[in-house]
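Under my numbering, residues 692 to 836 are what the sequence shown spells out, in order. Structure, as structure tokens:
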Amino acid sequence: MEKNEYNEKAINDVYKNAHIALQSISDLLPSVEDEDIKAELKDEYEGYEKVIGEVSTFMAENGIEPKDVNPFKKAMLWSSIKMKTLFDNSRNQVAEMMINGTVMGINELTAMKNEQTNLDPGVLELLEKLLKLEEEYEQRLKKYL
692 MEKNEYNEKA INDVYKNAHI ALQSISDLLP SVEDEDIKAE LKDEYEGYEK VIGEVSTFMA
752 ENGIEPKDVN PFKKAMLWSS IKMKTLFDNS RNQVAEMMIN GTVMGINELT AMKNEQTNLD
812 PGVLELLEKL LKLEEEYEQR LKKYL
């Protein structure tokens with residue numbers, strides 16, 4: 692894969708990672724009753740929105756078309772969240788679900804960062820920004836377990 696194609700795929704993967712996090716929070720919030728974790732999720736939502744804004748700006752400036760998350764994947768995510776919270780929407784359950792999703796995102800971003808050494812500096816900066824944010828969120832969520 693040529694460098695430009697790799698960077699386009701990488702920035703789209705960063706975009707999708709943050710977008711899935713936003714979608715997960717949106718799907719989860721209506722089921723959350725605990726006000727503390729609800730406030731945490733809203734704060735995380737804002738953080739992901741900010742990163743998506745920066746990624747979108749970068750993509751627009753570089754003529755890269757954002758690729759949305761597969762609708763089937765979105766539907767599977769929604770149904771999984773609804774099933775898991777149907778009988779247990781405790782703060783522990785919500786925190787565990789969010790930590791699991793966050794760790795998946797961290798793993799994907801870390802693998803992407805480690806796989807390729809010729810990432811465009813702008814792509815790398817945004818990847819690292821999202822990675823740092825997700826690592827912070829993972830630590831913050833642990834207090835709800």
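Don't be surprised by glycine CBs; every beta carbon is placed ideally from N, CA and C. As the structure is a computational prediction, the values presented were derived from the model and not from experiment.
Which residue spans inside the segment 740-789 form an unbroken beta strand (DSSP E) run of at least 3?
none
Note down the Cα distance separating Asp811 from Lys729, rounded to an integer number of angstroms.
Position 120 of the sequence shown holds residue 811. Position 38 of the sequence shown holds residue 729. Each residue's alpha carbon lies about 36 Å from the other.
For Thr793, count neighbouring C-beta atoms within 10 Å of its own C-beta (all shown protein chains included) and say buried if the count is 16 or more, exposed if not.
For the purposes of this step, residue 793 is taken as the residue at position 102 of the sequence shown. Buried.
If you check the beta carbons only, do Ile716 and Tyr739 fall under 9 Å apart?
Reading the sequence shown from its first residue, position 25 is the one you call residue 716. Reading the sequence shown from its first residue, position 48 is the one you call residue 739. It is a contact, given that the beta carbons lie within the stated cut-off.
In terms of residue numbering, what span does the alpha helix (DSSP H) encompassing Lys830 cover?
Taking the first residue of the sequence shown as position 1, residue 830 is located at position 139. Sequence check: residue 830 is Gln here, not Lys. Taken as a continuous stretch (DSSP letters only), the alpha helix (DSSP H) holding Gln830 covers 812-832.
Can you tell me which of the three DSSP states Asn809 falls into?
Sequence index remark: in the sequence shown, residue 809 carries index 118 (1-based). It is coil, neither helix nor strand.
Quick one, are the C-beta atoms of Asn703 and Leu800 less than 9 Å apart?
Taking the sequence shown and counting its residues from 1, one reaches residue 703 at position 12. Taking the sequence shown and counting its residues from 1, one reaches residue 800 at position 109. Not a contact, by the Cβ cut-off of 9 Å.
Under 9 Å between C-beta atoms of Met788 and Leu719
Mapped onto the sequence shown, residue 788 falls at position 97. Mapped onto the sequence shown, residue 719 falls at position 28. Their beta carbons are under 9 Å apart, which means Met788 touches Leu719 by this criterion.
When the Cα of Leu777 is compared with those of Tyr828, Ser722, Lys834, which residue comes out closest?
Taking the first residue of the sequence shown as 1, we reach residue 777 at position 86. Cα-wise, what sits closest to Leu777 is Ser722.
Alpha carbon of Asn780 to alpha carbon of Leu832, nearest angstrom:
As a first step, residue 780 is located in the sequence shown; it is residue number 89 there, counting from the start. As a first step, residue 832 is located in the sequence shown; it is residue number 141 there, counting from the start. Their Cα atoms are separated by approximately 15 Å.
Beta carbon of Ala701 nearer than 9 Å to that of Leu818:
As a first step, residue 701 must be located in the sequence shown, where it is residue number 10. As a first step, residue 818 must be located in the sequence shown, where it is residue number 127. For Ala701 and Leu818, yes; Cβs fall inside 9 Å.
What is the C-beta distance between Val746 and Leu824, in whole angstroms, given that I count them as a contact (C-beta under 8 Å)?
What you label residue 746 is simply residue 55 of the sequence shown in a count that begins at 1. What you label residue 824 is simply residue 133 of the sequence shown in a count that begins at 1. About 12 Å; that fails the 8 Å criterion.
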